[in-house]
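Visitor: Here it is: the structure, laid out below.
In this note's numbering, the protein residues as written are 263 to 733.
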């Protein structure tokens with residue numbers, strides 16, 4: 263055979279081999295979920311907050327500056343992400359619905375396939391640990407979802423000792439923990455994740471690691487408290503304005519009061535308590551950063567680092583006094599915005615940011631798209647983020663929608679947040695001029711066209727509320 267022809271055959275065979283390898287080796291997925299992590303450290307909105315490990319990770323990933331949850335509470339946010347269905351389609355608006363097993367025991371959820379079930383059906387090994395869903399999973403569905411059944415969960419502890427709790431609430435307070443790190447489920451679960459990544463796997467894997475921090479109680483190993491000088495901690499936070507609720511409708515004020523006792527006992531009338539809580543939240547945030555960083559570092563030194571999609575996300579944001587409110591469960595930016603960065607295999611577009619509004623409802627269709635999965639039987643209501651991962655400035659005409667009960671609706675585009683309540687009262691904020699949402703423009707005639715444009719995204723129908731706890 264002529265040398266050119268022989269070389270051509272070798273080249274074709276090599277390309278065929280590469281093509282076969284790319285088809286037979288779909289990307290792995292590592293999804294790390296923090297709990298109640300707000301914008302302070304991840305987006306730099308509080309001067310003292312820090313997340314050095316996530317800063318490093320963002321240099322290898324695409325960061326989404328305008329990422330939001332489908333619902334500003336743990337259970338409905340995670341249910342939406344894991345099923346690809348909005349709360350207004352399922353009725354899963356609040357925590358505590360259906361005896362805390364809303365996922366599978368209600369007829370609306372029974373036919374829905376979860377994200378890990380879809381991966382497992384498509385030949386992936388599925389591995390989970392930590393806070394995965396804010397509700398218990400019935401045994402049959404948990405078996406269907408996870409190869410490492412039963413996945414280790416843990417819990418919210420260690421709790422604040424009685425002497426450090428505010429008003430006797432062991433969830434509410436801050437405390438430096440001096441016991442072993444393994445007293446925290448986050449450490450136990452990240453240790454297990456690292457062990458999984460150190461093993462040899464003959465199939466692609468989907469890993470989900472759910473961190474319990476920085477969710478209350480604000481306990482963390484003492485070294486994370488030591489990162490901050492309590493005398494220098496800024497209280498109130500930068501986005502706080504006294505009298506901020508004066509232009510907010512009654513329904514908005516009612517939402518602000520969901521956790522009212524905590525605000526009255528720990529807020530502006532108790533600045534030292536407020537500072538102590540802020541210290542605890544910053545320490546718990548730094549602890550969550552360290553925990554996530556351990557998993558990513560273990561991945562990067564493993565054989566799987568180059569062919570793995572990595573997503574870092576929080577299930578909702580968190581108020582630390584903004585709008586006279588502690589906790590989440592509001593339709594304002596502080597509760598709806600969620601840290602999000604996604605790293606692609608090969609680190610495509612590493613260190614870039616996208617200012618397009620996206621939602622965690624988009625994860626399911628994104629991963630089906632990127633991993634070449636046969637989709638679940640239910641319609642996925644989000645959008646694949648692939649165009650933005652390939653070009654972070656790509657055209658994107660999908661505002662991020664957040665709901666918290668029947669008729670409680672918010673839409674966020676690149677500039678505006680629009681809120682509508684069941685009594686049709688409204689709020690509108692121009693984030694270009696007012697990033698802290700201090701001035702409600704809903705009654706300004708100059709902005710009626712903006713309201714009309716965003717109002718079209720209000721759901722035409724609302725699923726019946728499955729119940730639970732509002733707050």
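All C-beta atoms in this analysis are idealised placements derived from N, C-alpha and C, irrespective of residue type, glycine included. The structure displayed is predicted, hence computed values, not measured ones.
Which of the three DSSP states, helix, strand or coil, is assigned to residue 689?
Guide: Strand, per DSSP.
Visitor: Could you compute how far the alpha carbon of residue 612 sits from the alpha carbon of residue 428?
Guide: When rounded, the distance between both Cα atoms is 43 Å.
Visitor: Looking at the structure shown, is residue 284 part of a helix, part of a strand, or coil, going by DSSP?
Guide: In this prediction, residue 284 has a pLDDT of 40, which is less than 50 and means its spatial position is unreliable; nothing more can be read from the coordinates.
Visitor: Let me check understanding here. Comparing Cα to Cα, which of 471, 456, 508 lies closest to residue 563?
Guide: Out of 471, 456, 508, 456 has the C-alpha closest to the C-alpha of residue 563.
Visitor: The beta strand (DSSP E) with residue 386 in it runs from where to where?
Guide: First-last for residue 386: undefined, no H or E at that position.
Visitor: Tell me whether the beta-carbon of residue 530 lies closer than 8 Å to the beta-carbon of residue 498.
Guide: Yes, these two residues count as a Cβ contact at 8 Å.
Visitor: Taking the straight line between their C-alpha atoms, what separation do you get for residue 285 and residue 459?
Guide: Confidence in residue 285 is poor, its pLDDT being 44 and thus under 50, which makes the residue's placement too unreliable to answer from.
Visitor: Can you give, in chain order, each stretch of the alpha helix (DSSP H) that sits fully within the stretch 518–597 and has at least 4 residues?
Guide: Listed in chain order, the complete alpha helix (DSSP H) runs (minimum 4 residues) inside the stretch 518–597 are 522–528, 533–562.
Visitor: Among the residues of its own chain, which have a CB less than 7 Å from the CB of residue 700, if the five just before and after it don't count?
Guide: So the list reads 503, 506, once near-sequence residues are dropped.
Visitor: Report yes if the C-beta distance between residue 593 and residue 691 is below 8 Å; otherwise report no.
Guide: Cβ distance not < 8 Å, so residue 593 and residue 691 don't count as in contact.
Visitor: For the alpha helix (DSSP H) containing residue 681, list its first residue and its last residue.
Guide: Segment 678–682 is the beta strand (DSSP E) holding residue 681; no alpha helix (DSSP H) there.
Visitor: When DSSP builds the beta bridges, which residues end up paired with residue 297?
Guide: Partner(s): 476.
Visitor: Evaluate the contact criterion for the stretch 538–545 versus the stretch 568–576: three or more CB pairs, one atom per stretch, below 8 Å.
Guide: No: fewer than three Cβ pairs fall under 8 Å.
Visitor: Is the beta carbon of residue 340 less than 8 Å from the beta carbon of residue 396?
Guide: The answer is yes: Cβ separation under 8 Å.
Visitor: Tell me the rounded alpha-carbon separation between residue 403 and residue 411.
Guide: If you take the alpha carbons of residue 403 and residue 411, they lie about 10 Å apart.
Visitor: Helix, strand or coil, according to DSSP, for residue 516 in the structure here?
Guide: In this structure, residue 516 counts as helix in the three-state DSSP scheme.
Visitor: Inspect the CB distances between the stretch 612–632 and the stretch 643–651 and report whether three or more fall short of 8 Å.
Guide: Result yes; three or more Cβ-Cβ pairs closer than 8 Å.
Visitor: Could you check which residue in 373, 609, 708 has the C-alpha nearest to that of residue 651?
Guide: When each option's Cα is compared against that of residue 651, the closest is 609.
Visitor: Using a 10 Å radius around the Cβ and a threshold of 16 neighbouring Cβ atoms, would you call residue 516 buried or exposed?
Guide: So residue 516 ends up on the exposed side.
Visitor: Going by beta carbon distance, what residues of the same chain come within less than 7 Å of residue 350, once the five residues before and after it are set aside?
Guide: If we look at residue 350 and ignore the five residues flanking it on each side, its Cβ neighbours are 665, 721, 724, 725.
Visitor: Work out the CA separation of residue 471 and residue 519 for me, nearest whole Å.
Guide: The alpha-carbon atoms of residue 519 and residue 471 are separated by roughly 32 Å.
Visitor: Assign residue 493 to one of two classes, buried (16 or more other C-beta atoms within 10 Å of its C-beta) or exposed (fewer than that).
Guide: When all chains shown are included, residue 493 counts as exposed.
Visitor: Roughly how many angstroms lie between the CA atoms of residue 452 and residue 662, to the nearest whole one?
Guide: Approximately 31 Å between the Cα atoms of the pair.
Visitor: List the whole-angstrom C-beta distance separating residue 521 from residue 587, where the pair is believed to meet the contact cut-off of C-beta under 8 Å.
Guide: Correct: roughly 7 Å between the Cβ atoms.
Visitor: Give the range of the beta strand (DSSP E) segment to which residue 657 is assigned.
Guide: Residue 657 -> no beta strand (DSSP E), and no H or E assigned at all.
Visitor: Determine the direct distance from the alpha carbon of residue 422 to that of residue 638, and round the result to whole angstroms.
Guide: Distance between the alpha carbons of residue 638 and residue 422 is about 42 Å.
Visitor: To the nearest angstrom, how far is it from the Cα of residue 706 to the Cα of residue 600?
Guide: Looking at the two C-alpha atoms, the distance is approximately 29 Å.
Visitor: Which two residues bound the contiguous alpha helix (DSSP H) that contains residue 490?
Guide: Element bounds for residue 490: n/a, residue is neither H nor E.
Visitor: Closest to residue 598 by C-alpha separation, out of 501, 672, 424, 631, would be which residue?
Guide: Nearest C-alpha to residue 598: 672.
Visitor: What are the boundary residues of the beta strand (DSSP E) that includes residue 603?
Guide: Its beta strand (DSSP E) spans residues 602–605.
Visitor: Less than 8 Å between the C-beta atoms of residue 295 and residue 570, yes or no?
Guide: Their beta carbons are not under 8 Å apart, which means residue 295 does not touch residue 570 by this criterion.
Visitor: Kindly identify the DSSP beta-bridge partner or partners of residue 626.
Guide: For residue 626, which the question treats as bridged, DSSP gives no partner whatsoever.
Visitor: Grouping DSSP H, G and I as helix and E and B as strand, with all else coil, what is residue 729?
Guide: Looking at residue 729 - three-state DSSP - the assignment turns out to be coil, as it is neither helix nor strand.
Visitor: Do the CB positions of residue 327 and residue 657 come within less than 8 Å of each other?
Guide: No, the Cβ-Cβ distance between residue 327 and residue 657 is not below 8 Å.
Visitor: Are the CB atoms of residue 559 and residue 679 nearer to each other than 8 Å?
Guide: Not closer than 8 Å, so no.
Visitor: Can you tell me which of the three DSSP states residue 396 falls into?
Guide: Residue state, collapsed to three classes: coil.
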